[in-house]
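A.B. asks: To start, I am sharing the structure in question, which I have written as structure tokens.
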Amino acid sequence: MNDDEIKVLKKLDTIKYKDRTKDKLKGILDKNEKRILNKLIEEKIVIPFKRSKEDMARYSIEKNVYNEYLFGKRDKSIAYTQNNNIEQTKQSVEAAPKEWEKNLSDEAYINLLESRGYIVISDSIEAGNISTKLEDSIRKGLVIGTRAFNKKYYIALKAFIKKYTPEVMKIIGNKGASVEEMSKELKMEEEGVRAILYLLAESGDVIEVKKDFFKII
Numbered sequence: 034m035n036d037d038e039i040k041v042l043k044k045l046d047t048i049k050y051k052d053r054t055k056d057k058l059k060g061i062l063d064k065n066e067k068r069i070l071n072k073l074i075e076e077k078i079v080i081p082f083k084r085s086k087e088d089m090a091r092y093s094i095e096k097n098v099y100n101e102y103l104f105g106k107r108d109k110s111i112a113y114t115q116n117n118n119i120e121q122t123k124q125s126v127e128a129a130p131k132e133w134e135k136n137l138s139d140e141a142y143i144n145l146l147e148s149r150g151y152i153v154i155s156d157s158i159e160a161g162n163i164s165t166k167l168e169d170s171i172r173k174g175l176v177i178g179t180r181a182f183n184k185k186y187y188i189a190l191k192a193f194i195k196k197y198t199p200e201v202m203k204i205i206g207n208k209g210a211s212v213e214e215m216s217k218e219l220k221m222e223e224e225g226v227r228a229i230l231y232l233l234a235e236s237g238d239v240i241e242v243k244k245d246f247f248k249i250i
């Protein structure tokens with residue numbers, strides 16, 4: 034793939050899934066980008082995908098292409114948002130960190146997942162609804178999740194887990210480490226650290242030997 038094609042894929046990757054419709058992309062991409070996008074569609078690198086009950090198709094990037102050219106390489110400087118909803122959602126969560134798990138809409142949860150890298154959900158029905166909305170990303174391995182022993186559902190971007198795993202494993206080392214220690218070291222909220230740890234535990238990399246204390250297996 035040439036540089037111009039990769040740039041278009043990167044730009045598409047920064048657009049929220051709900052906005053990746055033919056009509057909305059017309060107002061986002063310039064004339065040359067539209068021409069390149071059409072070529073990528075013809076080559077089945079970009080694939081129109083329509084979920085049940087959706088009124089129109091959204092564009093997804095073929096999994097192998099995504100993994101080779103985009104996974105873990107998102108350029109935040111070119112990120113596109115139609116408004117500042119993501120930032121507003123993030124600010125509202127930071128203002129009331131104990132309430133966000135139960136007070137946000139499905140759309141706000143997904144915006145938060147995109148901006149922060151993880152979400153934590155207490156209600157099983159709500160978790161199921163959000164998993165349905167993220168079905169395409171989950172199927173492609175871009176989003177992963179688990180239900181922890183504390184009965185909360187931790188959902189995270191694979192890129193978020195991949196980014197912080199080396200640091201988390203280094204902090205744990207041979208002696209093990211607590212969530213509180215890792216939170217201070219990473220300058221991350223404890224629930225974010227737990228999201229990483231519970232997903233690493235799910236894959237068999239770490240184990241919780243006692244409440245909020247983890248060791249490498």
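With the first letter of the sequence shown counted as 1, position 59 gets the number 92 in my numbering; the numbers rise by one all the way through.
Glycine included, C-beta positions come from ideal geometry on N, C-alpha and C.
Reducing DSSP to helix, strand and coil, say where Ile-48 ends up.
C.D. replies: DSSP places Ile-48 in coil when its eight states are reduced to three.
A.B. asks: Sort out for me which residues DSSP pairs Gly-237 with in a bridge.
C.D. replies: DSSP, once it has assigned bridges, lists no residue as partnering Gly-237.
A.B. asks: Okay, do the stretch 154-174 and the stretch 185-204 touch, 3+ Cβ pairs below 8 Å being the bar?
C.D. replies: With a cut-off of 8 Å, the stretch 185-204 and the stretch 154-174 count as touching, because enough Cβ pairs lie within range.
A.B. asks: Would you identify the three-state DSSP class for Lys-43, choosing helix, strand or coil?
C.D. replies: Three-state DSSP puts Lys-43 in a helix.
A.B. asks: How big is the Cα-Cα spacing for Lys-55 and Glu-224?
C.D. replies: For Lys-55 and Glu-224, the distance between alpha carbons rounds to 37 Å.
A.B. asks: Suppose you measure from the CA of Glu-95 to the CA of Lys-77; what does that come to, to the nearest Å?
C.D. replies: Looking at the two C-alpha atoms, the distance is approximately 7 Å.
A.B. asks: Within the same chain, show all residues whose beta-carbon is closer than 7 Å to that of Arg-68, passing over the 5 residues directly before and after it, in chain order.
C.D. replies: Cβ within range, chain order: n/a, list empty.
A.B. asks: Can you look up Asp-108 in the DSSP assignment and give me helix, strand or coil?
C.D. replies: Here Asp-108 scores only 46 on pLDDT, less than 50, and its place in the model is too uncertain to base an answer on.
A.B. asks: So, for Val-239: in the same chain, excluding its five sequence neighbours on each side, which residues have a beta-carbon less than 7 Å away from its beta-carbon?
C.D. replies: So the list reads Ile-205, Leu-230, Leu-233, Phe-247, Lys-248, Ile-249, Ile-250, once near-sequence residues are dropped.
A.B. asks: Apart from the five residues just before and just after Asp-37, which ones in its own chain have a Cβ nearer than 7 Å to its Cβ?
C.D. replies: Cβ neighbours of Asp-37 beyond the five flanking positions: Ile-69.
A.B. asks: Buried or exposed: where does Arg-227 fall if 16 or more other Cβ atoms within 10 Å of its Cβ makes it buried?
C.D. replies: Arg-227 is buried by the Cβ-count criterion.
A.B. asks: Could you tell me which whole beta strand (DSSP E) segments of length 3 or greater appear in the stretch 53-98?
C.D. replies: The stretch 53-98 contains these whole beta strand (DSSP E) runs: 79-82, 91-94.
A.B. asks: Which same chain residues, not among the five before or five after Met-215, have their C-beta less than 7 Å away from its C-beta?
C.D. replies: Hits under 7 Å: Val-201, Ile-204, Val-226.
A.B. asks: Which residues in the same chain as Glu-66 place their Cβ atom closer than 6 Å to its Cβ, once the five residues preceding and following it in sequence are excluded?
C.D. replies: Result list for Glu-66: Val-41, in chain order.
A.B. asks: Express the C-alpha separation of Lys-217 and Val-242 in angstroms, rounding to a whole number.
C.D. replies: When rounded, the distance between both Cα atoms is 20 Å.
A.B. asks: Using a Cβ-Cβ cut-off of 7 Å (strictly less than) and excluding sequence neighbours within five positions of Arg-180, which residues of its own chain qualify?
C.D. replies: Taken in chain order, the residues that qualify are Tyr-186.
A.B. asks: Given a threshold of 16 other Cβ atoms within 10 Å of its Cβ, counted over all protein chains shown, does Gly-276 qualify as buried or as exposed?
C.D. replies: Residue 276 is absent from the model: the chain starts at 34 and stops at 250.
A.B. asks: Taking the CB atoms as reference points, tell me whether Ile-194 and Tyr-102 lie closer together than 8 Å.
C.D. replies: Cβ atoms of Ile-194 and Tyr-102: not closer than 8 Å.
A.B. asks: As an exercise, report each continuous alpha helix (DSSP H) stretch of at least 4 residues that is fully enclosed by the stretch 159-219, in chain order.
C.D. replies: The stretch 159-219 contains these whole alpha helix (DSSP H) runs: 168-172, 191-205, 212-219.
A.B. asks: Should Lys-44 go down as buried or exposed, given a rule of 16 or more other Cβ atoms within 10 Å for buried?
C.D. replies: Counting Cβ neighbours within 10 Å, Lys-44 comes out buried, since at least 16 surround it.
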